[in-house]
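Take a look at the structure set out below.
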Amino acid sequence: MKNQRQKGFTLMEVMVAVSIIALAVIPLSKMYIQGKRNTTSNWHTIQAINMVQGIVETQKVENYNSVQSSGWQQVENPTAKWDWNYKVTVVEESHHLKTITVKLRYSEQGVEKEVSFTILKGQR
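Under the working numbering, the first residue of the sequence shown carries the number -1, and numbering increases by one thereafter.
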């Protein structure tokens, strides 16, 4: 009877191949997770900037004498899943010029963050 050689991989070869693949996949998965976190953080920052810009634009169109400081107020957005607060600070620089600062605070993964815009508003 002829000695037939079997074709295929041994268990050891399969284990080595799986180990090599795992060594490549684990760092890639960590990079993916970190990239997703960074993307989410950047998205929140962009949303905060857009929100502050909207509040600033509202202050720009207000009558000069109507623009006043306010305490911390919650952002009214029924579809949002976050709890953001903003504050408007108005400082009269001269008889016809006010500095308006809008601050927005929000929490991201337990870390407090803040976005702030400052504009000058003149009396027309």
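Here a beta-carbon is modelled for each residue, glycine too, at the ideal position from N, C-alpha and C.
CB contact flag (residue i, residue j, <7 Å)
i      : j      : result
Lys119 : Lys96  : yes
Phe115 : Val54  : yes
Val50  : Val109 : no
Gln72  : Asn61  : no
Ile47  : Val113 : yes
Gln45  : Ile98  : no
Identity of the residue in the options nearest residue i by Cα
i      : options                        : result
Gln66  : Ala46, Gln45, Glu90 and Ile44  : Glu90
Asp81  : Val59, Tyr104, Ser92 and His93 : Tyr104
Gly52  : Gln121, Arg122 and Leu102      : Leu102
Ser92  : Gln121, Ile18 and Arg3         : Gln121
Asn63  : Val88, Lys79, Trp41 and Gly33  : Val88
Lys111 : Glu74, Asn40, Ile117 and Lys34 : Asn40
Where the beta strand (DSSP E) through residue i begins and ends
i      : result
Thr38  : Looking at the DSSP string, Thr38 is not in any beta strand (DSSP E); the run it does join, the alpha helix (DSSP H), is Leu9 to Val59.
Asn83  : Asn83 to Ser92
Lys96  : Leu95 to Glu106
Val113 : Val109 to Gly120
Residues near residue i by beta carbon distance below 6 Å, same chain, minus five either side
i      : result
Trp70  : Asn83 and Lys85
Ser68  : Val86
Thr206 : Because residue 206 is not part of the residues shown, which for the chain are -1 to 122, the question remains open.
His42  : Glu106
Sequence-distant residues of its chain with Cβ nearer than 7 Å to residue i (five each side left out)
i     : result
His94 : Gly120 and Gln121
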